[in-house]
Each structure stands twice: as C-alpha cells, then as structure tokens.
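Heads up: the sequence shown begins at 141 in this note's numbering, then just goes up one per residue.
Structure record follows, encoded as structure tokens.
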Amino acid sequence: MVLVVAGACAEQSEPREWSTRDLIVVEPYDPYGTAREYALVDADGERRPLPIQEVESVSWALDGDVLLAHTSLGAVWGWSGHEEPPWLLHAPSVIPGLTQTLQVAPGGRYAALHNYTETVRGLGLTVLDVLERRPVGAPLACTTGPGVVWVGEGPELLEETDECGCCLMPTPFTVTHVRPGGEDDVLVAGVEESPQVGIDPRRSLATVSSEGRWQLYELGRDDDVLVLDEPDASEYRSWSPDGMHMAQVTDQQGVVRDRRGAVVWEGELAGFSSMTWSRAGDRFVVQRSCADDLWRLELVDLTRSEPVEIVGCDDLRLVSWSPRGDALLMKVGCGDDDGAVERVDLGTNERRRLIDATPCDTIGLGWSPDQTTYAAWEACEAGGARVRFFDADGEAIAAGSCDAYLDAVWSPDSDMLALTQGRFGDEGAPPHLHLLRSDGNLRDLGEGLIPLGVHNDWRPGPP
C-alpha cells in the first residue's frame, strides 16, 4: 500500500507499481496552513518524494492511473507514479491574487480548473483532458456556481453564469448544458434567484430549482428534453443511488418518481425527519418523529404500498445501511443508560444486539465495503473520541486510543482501515495515522500523517 503525504525529508526509493490500496495523506499535519511537500508512504513507513513542488492539492484521475497535483502557482501536473517524470497539463497563472480549485469528473478522464479572486467570483473555467494531456477547447465563460456539475463522465457539464460577468452581486442567471466541441443548450435563462442545479447519479438527468419552479431535464447528446415542470414546494428531495428514482417530501406527503417523472410510490409521512436509500435504490428507510426526542423507523419498498415498521417509538440515534442492502446497523435505546448497537436483518426483520453499553453520544456507525467488519465512533468521558472495530457478529477486533478522532477510511478491498487520531494545533501531540488490518493488527505509521478527505483517499479500486 502506498500513501501520498507531505514532507521534505523523504528519500527516493525504487519505482514500484501502484496498488488499489494506495491512500492520499498529508505530512506533517500543519494547522497554520504553511507550504507542504508531498511524498509517497507505504504500509511499512517507507517514503519517497512526490516530484512536484509547491503542491496545493492532489486528486486521483483515470481511475487511479494518474495522480493530479495542483500547485500554488496555478499549474496542474500529472504523474503516473512510475519511472515517467511528471507532465504539465495546465501552465501556471500570472494573474495576481488568483485562487483556483480543481474538480475531477467521474471516471477521472476530465478535470475542471475554476478560477476566481476575492473581488471577482469567477474568471472562467478550463476543462482538461487528462488522457490526451491537453485542454478541451477554449476556456468557458465565468461560472457563478459553487462547483462543476458534470454530465456523464465529462467533458460535458452544466454551467451557471450571469450577465454582469461574475461580479459580487450577480444577476440575472442562466444555466447552460455545455458540450465542448458541440452545440450548447440553455436550460434556464433570465432568473433573478441563483438556481439550484443538480444531476442524478447516472449523470443524465438535470434538476433546476429557481423562483418557485422545479424542472427535470433529460440531457441528450444533441438536444435536452424538459421532462417535468412544476411548482417547487418540496421540503426534501433525494435521488436513489442507482439514479432510477427520486423521492420528494411535501407537507408530510412522500412521492417517488421514476426517471420520466411518473409516480411509482406515494404515501403519508407524518413526522418525517430523514430518509436513507439502499444502495440498490429499490427501498429506503424513513425516520419519523413519534414523541419528544423519540423516532420510529419504517422501511418503504417501492413494490409495496404501505411502509413496514422496523423500530417502534425509541431513542433512535443512528442508522446505517449494509453495502449489500440486506441489513441495517442502528444505535438505539439510550434513555438514562448507555444504548446499544443492533443489527436488523431486513429479510426476516430479526433484530440482534451486537454491542451493549455504547455511549449515547456515539457519533458514527459504518460498514466495511465487504460487510464483514463495522466500526463505531464513540465520544470519551475525558474529551476526544475513539473508534472501535467489530466483526459481523459483534466480536471486538481492535480499538483506537481515546483521543481526538479526526478521520477513518476503509480501503476498497476492506483489508485495511486508515485511522487518524490526535489533537489540533497546540492542544497536544500531532495526529498519528494508524493502519488497522482485518486480522486486528494495528500499525502506527507515525505522527503528522492525516488523510486528505473521507471519500476519495484510497486509490480507486473494486471492493
């Protein structure tokens, strides 16, 4: 396993092939934001430098075959990690005070470089082709949206612009489906309120919400089709993970539509609090208020008309779907005592207690990708937090120290978990990165190492 870290003291090691368990981290951890240098670190602590200077951020591209490095001067470099030297994808900027963000498209072939300053919200957006190692067409007009909404895996995207050229008080707004090298389509134009623009998980349906209207568009290669246009009174809206359905809750009434806007389920959801889809997108659980600080948990199957109660009125704190969608982890039954973590088999509705006497301020529950291990993050009485790991039967595997919990990320193959615990700034020792293996072995890779995020740390790979 190899990790990307920051630190200038690393020595060059022999070139090696990357594995699907490579992880991006930063070292040493610096709460004051001074310059950092990145390096690669493997599971044994051996380090080699990243051959790019003044790196601001790093991202995986081309499904993990290339590492993109964005520098403080505005340059974007690509590196395959082997004997080939880094190659320049975007030249440095000469605009004073320019800030840039780099956003990689799904699949990692394309990346968008968004430019802005303190006084100008946007100075244009450049789409980069990582595979061809060149920009795609000319830079786009000023983009006012907070980030890029990719269509498919790129280079097409949805762009929000305004007539005054990204000034501090922009108006009116336009949303355009941009097709580099093709004909663009304007979805919405001339609206005074900044639109909320979204896309389904399959990245082929766009939603635009503005000025009391909600619209659904089917995005085509040549033309876009308006599928649905209705008043926007929804209090909640959520796509299923497979992109086949969208749920809406309005005035305690739930409606689920398919990709063409047709209603496939509807029902009363009084006391609605939250909704969580299964990964397959055919079911979801609804948390509904039933008394002060008490909730009821119900399962909604899109093939059935009525929800099925899973948990009656209880102190329900956390709910987590299993990766295969056949079970739930729940934090329940606190009251005056410590609660418990229970597992519910959705095929039989059988509830099984896995962990007794877990603190009621447990802050997280999570499964490993292969569903053989799970973790519970718990607050400590003396302050800070720790994470405990269990097998599927609730037997303890290992536990982190009772210190400030910072981050924990599973590897795609579920064999390792990168766990960072420590304290910020001058409050204590710098964070330490630990690698927990599925056999319970917990290895300390040293202080100052910290994963760069939660969802895109490990090099992409199959679970």
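Using N, Cα and C, we set each Cβ at its ideal position, and we do this for glycine too.
Checklist line | Own chain partners of residue 321 with C-beta closer than 7 Å, once the 5 adjacent residues on each side are dropped | finding: 277
Checklist line | C-alpha gap between residue 605 and residue 366, whole angstroms | finding: Residue 605 lies beyond the stretch modelled for the chain, which goes from 141 to 603, so this question has no answer here.
Checklist line | Sequence-distant residues of the same chain with beta carbon closer than 6 Å to residue 554, five excluded per side | finding: 508, 509, 510
Notebook entry, point to check: Which residue from 302, 252, 435 puts its Cα closest to that of residue 313?
Noted result: 302
Checklist line | Whole-angstrom distance between residue 483 and residue 505, CA atom to CA atom | finding: 11 Å
Checklist line | Classification of residue 279 by the beta-carbon crowding that lies within 10 angstroms, buried from 16 upward | finding: exposed
Next item on the list: Give a single yes or no on whether residue 399 has its beta carbon closer than 7 Å to a heavy atom of the ligand HEM.
Entry: Ligands are entirely absent from the displayed structure, and the ligand HEM is therefore not among its contents.
Check: Identify the residues that DSSP records as bridge partners of residue 470: which are they?
Finding: 459, 482
Item checked: As assigned by DSSP and simplified to three states, the class of residue 442 -> coil
Margin query: Taking CB distances under 8 Å as the criterion, tell me whether residue 194 reaches chain D.
Written below: The chain labelled as chain D is not found in the depicted structure, where only one protein chain is given.
Margin query: Going by C-alpha to C-alpha distance, which of 454, 191, 347, 232 sits closest to residue 368?
Written below: 347
Item checked: Spatially closest choice to residue 245 from 381, 468, 295, by CA coordinates -> 295
Next item on the list: Assign residue 642 to one of two classes, buried (16 or more other C-beta atoms within 10 Å of its C-beta) or exposed (fewer than that).
Entry: Any question about residue 642 goes unanswered here, given that the chain covers just 141 to 603.
Note to self: Let's see if you can read the secondary structure: which residues bound the beta strand (DSSP E) around residue 423?
What the structure shows: 423–431
Check: Are the stretch 433–440 and the stretch 452–468 touching by the rule of at least three beta carbon pairs closer than 8 Å?
Finding: yes
Notebook entry, point to check: Who are the near neighbours of residue 371 in its chain, counting only those whose CB is closer than 8 Å to its CB and skipping five residues on each side?
Noted result: 352, 353, 354
Next item on the list: With distances taken Cα to Cα, identify the nearest neighbour of residue 288 among 576, 247, 537, 338.
Entry: 338
Item checked: Own chain partners of residue 493 with C-beta closer than 6 Å, once the 5 adjacent residues on each side are dropped -> 480, 482
Item checked: Residue nearest to residue 537 in terms of C-alpha spacing, selected from 242, 464, 495, 585 -> 495
Item checked: Selection from 419, 572, 383, 248 that minimises the alpha carbon distance to residue 203 -> 248
Next item on the list: Just the C-alpha distance for residue 583 and residue 528, rounded to the nearest angstrom, thanks.
Entry: 15 Å
Notebook entry, point to check: What residue does the beta strand (DSSP E) around residue 506 start on, and which one ends it?
Noted result: 504–507
Notebook entry, point to check: In whole angstroms, what separates the C-alpha of residue 218 from that of residue 470?
Noted result: 43 Å
Notebook entry, point to check: What number of angstroms, rounded off, separates the C-alpha of residue 414 from the C-alpha of residue 486?
Noted result: 19 Å
Note to self: Could you compute how far the alpha carbon of residue 264 sits from the alpha carbon of residue 417?
What the structure shows: 36 Å
Next item on the list: Starting from the C-beta of residue 406, find all residues in its chain whose C-beta is less than 6 Å away, skip the five residues before and the five after it, and write them out in chain order.
Entry: 395
Check: Mind checking residue 293: buried by the 16 CB within 10 Å criterion, or exposed?
Finding: exposed
Margin query: Buried or exposed, going by whether 16 or more other CB atoms sit within 10 Å of the CB of residue 201?
Written below: buried
Notebook entry, point to check: Near residue 512, what residues of its chain come up, given a Cβ to Cβ distance below 6 Å and the 5 sequence neighbours on each side ignored?
Noted result: 532
Item checked: Proximity of residue 311 and residue 332 at Cβ, strictly below 8 Å -> yes
Margin query: Once DSSP output is grouped into helix, strand and coil, what is the label at residue 202?
Written below: helix
Check: Are there 16 or more other CB atoms within 10 angstroms of the CB of residue 255, so buried, or fewer, so exposed?
Finding: buried
Notebook entry, point to check: Expressed to the nearest angstrom, what Euclidean distance is found between the alpha-carbon atoms of residue 420 and residue 399?
Noted result: 15 Å
Item checked: Rounded separation between residue 290 and residue 431 - CA only -> 42 Å
Notebook entry, point to check: What are the residues that DSSP puts in a beta bridge with residue 390?
Noted result: 393
Note to self: Can you give me the C-alpha to C-alpha distance between residue 325 and residue 360, rounded to a whole angstrom?
What the structure shows: 10 Å
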